[in-house]
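Asks: This is the structure I have questions about; it appears just below.
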Amino acid sequence: MSPQAHAPAHEDAHNVHHGHSHGHDAGHGSLKTYMIGFVLSVILTAIPFWLVMGEVFDSKILTAVLIMVFAAVQIVVHMICFLHMNPRSEGGWTVMALIFTLIIVAIMLAGSFWVMHHLNTNMMPMSPEMMKNMP
Amino acid sequence: MTEKAHTQEAEAPQFYLEEEHHPEGSTMLGFWLYLMSDCLIFAVLFATHGVLGRNYAAGPSPADLFDLPLVAINTAMLLFSSITYGFAMLQMERNAKMETLFWLGITGLFGLAFLGLELYEFYHLIHEGAGPGRSAFLSSFFTLVGTHGLHVTFGIIWLITLMVQVKIRGLIPENRRRLMCLSMFWHFLDVVWIGVFSFVYLMGVLG
Numbered sequence: 001m002s003p004q005a006h007a008p009a010h011e012d013a014h015n016v017h018h019g020h021s022h023g024h025d026a027g028h029g030s031l032k033t034y035m036i037g038f039v040l041s042v043i044l045t046a047i048p049f050w051l052v053m054g055e056v057f058d059s060k061i062l063t064a065v066l067i068m069v070f071a072a073v074q075i076v077v078h079m080i081c082f083l084h085m086n087p088r089s090e091g092g093w094t095v096m097a098l099i100f101t102l103i104i105v106a107i108m109l110a111g112s113f114w115v116m117h118h119l120n121t122n123m124m125p126m127s128p129e130m131m132k133n134m135p
Numbered sequence: 001m002t003e004k005a006h007t008q009e010a011e012a013p014q015f016y017l018e019e020e021h022h023p024e025g026s027t028m029l030g031f032w033l034y035l036m037s038d039c040l041i042f043a044v045l046f047a048t049h050g051v052l053g054r055n056y057a058a059g060p061s062p063a064d065l066f067d068l069p070l071v072a073i074n075t076a077m078l079l080f081s082s083i084t085y086g087f088a089m090l091q092m093e094r095n096a097k098m099e100t101l102f103w104l105g106i107t108g109l110f111g112l113a114f115l116g117l118e119l120y121e122f123y124h125l126i127h128e129g130a131g132p133g134r135s136a137f138l139s140s141f142f143t144l145v146g147t148h149g150l151h152v153t154f155g156i157i158w159l160i161t162l163m164v165q166v167k168i169r170g171l172i173p174e175n176r177r178r179l180m181c182l183s184m185f186w187h188f189l190d191v192v193w194i195g196v197f198s199f200v201y202l203m204g205v206l207g
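Note that the protein sequences, when read in sequence, are chains P and Z.
Just so we're aligned: 36 in full-length UniProt numbering is position 36 of the first sequence, and the numbers increase by one with no gaps anywhere.
Just so we're aligned: 132 in full-length UniProt numbering is position 132 of the second sequence, and the numbers increase by one with no gaps anywhere.
So this is what it looks like as structure tokens:
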């Protein structure tokens, strides 16, 4: 009795799965989303290049911060308009994987810069005598 | 009796055959996970460049070396190739084979233009004596930008392979799935390039 009862249930599960896999909307866009993404990308690329090439601000820190902000915004634009990220695609697992990756990347970048900065500042200054005897 | 039927069914391979018919269920998620691991590779290279990017070893600095108009043209090439790939995907949705191939071809040409400009830049730098061996800054620069360029190269090889596949087999479900994967790969490379031109070129020239 049990094998016969099992088989149709399995079939049902397949059909549900099949319907779902065609219903997901990752990778599908419209002309509108692509054009919005493209125009925003052009603007968000042109401004940082203009800031650096035109030497708009005297403050280098301000320019650097603005470059990073424009890059971050443009990455989000690409994610939404070109990669069609949304919290629902693949049952939320793509966003989960993305968040996990971002956490790892943030830990790794912050950790590297922190450790290496301290290593540099704590390094014993090199005298010309030592420089001469370097391998 | 029941037990015998059960073992027979357990040995029958039908379940595995069934799975083969609609594999696109998890392919996109799997490919996304690959892209995330690729993202980690680039993050490590960005971190290396962040640490070593100011160690010029009394050699040339980014402001001496980088030609920003060239980088801007390069960026435009990659951005154009992204939007034309998007057009190819839209044509694929409409089931228009020739239009899909046309836009894929345009994407490939923009990709090749990007690669050509990058190779010209590398050749120019090495010719000026600013090769990867000159300083830690240049080592990390060549590694990061070179890895991105290598990804674009393999993307173009993949693109040409898929164009041949679509040409011969048409827009069958397998080719659609492959085109979707390449679409994610291609747009992902554009995302990485945003980091490269912002962090390496613009911030480098800024000093």
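Where a beta carbon is used, it is the ideal one built from N, C-alpha and C, also for glycine.
(1) Mark Z/F197 as exposed unless 16 or more other C-beta atoms lie within 10 angstroms of its C-beta, in which case mark it buried.
(2) Going along chain P in order, which residues have a C-beta closer than 7 Å to the C-beta of Z/W32?
(3) Give the list of continuous beta strand (DSSP E) stretches no shorter than 3 residues that lie fully inside the segment 74-101 of chain P.
(4) Report the neighbours of Z/A43 on chain P: residues whose CB is nearer than 7 Å to its CB, in chain order.
(5) Go through its chain and collect everything with a Cβ distance to Z/V205's Cβ below 7 Å, but skip five positions before and after it.
(6) Entirely within the segment 35-118 of chain Z and at least 4 residues each: give me those alpha helix (DSSP H) ranges in chain order.
(7) Are the CB atoms of Z/M203 and P/I67 within a distance shorter than 9 Å?
(8) Helix, strand or coil: how does DSSP classify P/E129 here?
(9) Check whether the Cβ atoms of residue 137 of chain P and Z/F110 lie closer than 9 Å to each other.
(10) Decide if the segment 36-52 of chain Z is in contact with the segment 136-150 of chain Z; the criterion is three or more beta carbon pairs, one per stretch, under 8 Å apart.
(11) Give every residue of the same chain whose Cβ lies closer than 8 Å to the Cβ of residue 258 of chain Z, excluding the five residues on either side of it in the sequence, and list them in chain order.
(12) Using the Cα positions of Z/W98 and P/Y34, report the straight-line distance between them to the nearest angstrom.
(13) For the segment 37-47 of chain Z against the segment 102-111 of chain P, are there 3 or more C-beta pairs whose distance is under 8 Å?
(14) If you follow the alpha helix (DSSP H) that P/A46 is part of, which residue opens it and which one closes it?
(15) Would you kindly work out how many angstroms separate the C-alpha atoms of P/N120 and Z/V200, rounded to a whole number?
(16) Report yes if the CB atom of Z/L90 is closer than 9 Å to the CB atom of Z/V166, and no otherwise.
(17) By a C-beta neighbour count over all protein chains shown, 10 Å radius and 16 as the cutoff for buried, is P/H118 buried or exposed?
(18) Compare the C-beta of Z/V191 with all C-beta atoms of chain P and state if any pair is closer than 9 Å.
(19) State buried or exposed for P/R88, treating a residue as buried only when at least 16 other CB atoms are found within 10 Å of its CB.
(20) Exposed or buried, which one is Z/N175 when buried takes at least 16 other CB atoms within 10 Å?
(21) So, is the C-beta of P/H78 closer than 9 Å to a C-beta in chain Z?
(22) Which same chain residues end up closer than 7 Å to P/L44 when comparing Cβ atoms and leaving out the 5 residues on each side of it in sequence?
(23) Does the beta-carbon distance from Z/E118 to Z/V152 come in below 9 Å?
(24) Starting from the C-beta of P/V95, find all residues in its chain whose C-beta is less than 6 Å away, skip the five residues before and the five after it, and write them out in chain order.
(25) Please classify Z/T161 as buried or exposed, where buried requires at least 16 other C-beta atoms within 10 Å of its C-beta.
(26) Is residue 170 of chain P close to chain Z? Criterion is C-beta to C-beta, closer than 9 Å.
(27) Using a 10 Å radius around the Cβ and a threshold of 16 neighbouring Cβ atoms, would you call P/N133 buried or exposed?
(28) Quick check on Z/S135: does DSSP put it in helix, strand or coil?
Replies: So, from the data block:
(1) buried
(2) T94 and A97
(3) none
(4) V105, M108 and L109
(5) P62, A63, F66 and L68
(6) 62-65 and 68-93
(7) yes
(8) helix
(9) A query on residue 137 of chain P cannot be resolved here, the shown segment of chain P reaching from 1 to 135 and no further.
(10) yes
(11) Residue 258 of chain Z is absent from the model: chain Z starts at 1 and stops at 207.
(12) A small correction: the amino acid at residue 98 of chain Z is Met; Trp does not occupy that position in the sequence shown. Cα-Cα distance, rounded: 20 Å.
(13) yes
(14) L31 to M53
(15) 21 Å
(16) no
(17) exposed
(18) yes
(19) exposed
(20) buried
(21) yes
(22) F70, V73, Q74 and V77
(23) yes
(24) P87
(25) exposed
(26) An answer regarding residue 170 of chain P cannot be provided, because it is not within the stretch 1 to 135 covered by chain P.
(27) exposed
(28) coil
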